């Protein structure tokens, strides 16, 4: 897998993104050691949610315990952003990128045929949303 490349970090966002229509109250949940991922759209590990309203995108609600990590995949041909809802941690890669509550991190589009891997490690309990869909680039 390719590592995902950070495009930019935006801080102090004046308006929060509105995901309500994409959130699935019956979203399957993937659990691992120290993390939980609700799959509102797309796939994570063995959990999949392919509702018609969101078939072309990925939307994951992520909780990671302090000191733990989770590896997230971004499908090829998609561009992603990560919203840190609460907590703090790091995005693993070439020199870890520190993130905290209210940060929004945009990533470059995933080229090639393999998904990109995004490693997220929490310093304290961290809640985030990962959204991706086909890149317009």
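Numbering (the numbering used here), first residue to last: 915 to 1051.
Every residue, glycine too, gets a C-beta built ideally from N, C-alpha and C.
Please read these numbers as outputs of a predicted model, since none were measured by experiment.
| request: Leaving out five residues on either side along the sequence, give the residues of the same chain with a beta carbon under 8 Å from the beta carbon of residue 1039. | output: 977, 978, 979, 980, 1000 and 1001
| query | Applying the criterion that 16 or more other CB atoms from any shown protein chain within 10 Å of the CB defines a buried residue, is residue 1026 buried or exposed? | reply | exposed
| query | For residue 948 versus residue 982, is the C-beta distance shorter than 7 Å? | reply | yes
| query | How would you call residue 1029, buried or exposed, if buried means at least 16 neighbouring beta carbons within 10 angstroms? | reply | buried
| Simplified DSSP state of residue 1033, which is helix, strand or coil | strand
| query | Pick from 989, 986 and 1020: whose alpha carbon is nearest that of residue 997? | reply | 1020
| Using the C-alpha atoms, what's the distance from residue 961 back to residue 1041? | 19 Å
| Per-residue DSSP class, three states only, for residue 920 | Note that residue 920 has pLDDT 48, beneath the 50 cutoff, so the model's placement of it is unreliable and the number below is only indicative. Strand.
| message | Check for me: the beta strand (DSSP E) holding residue 1006 runs from which residue to which? | response | 992-1006
| field | Segment limits, beta strand (DSSP E) that includes residue 950 | value | 949-958
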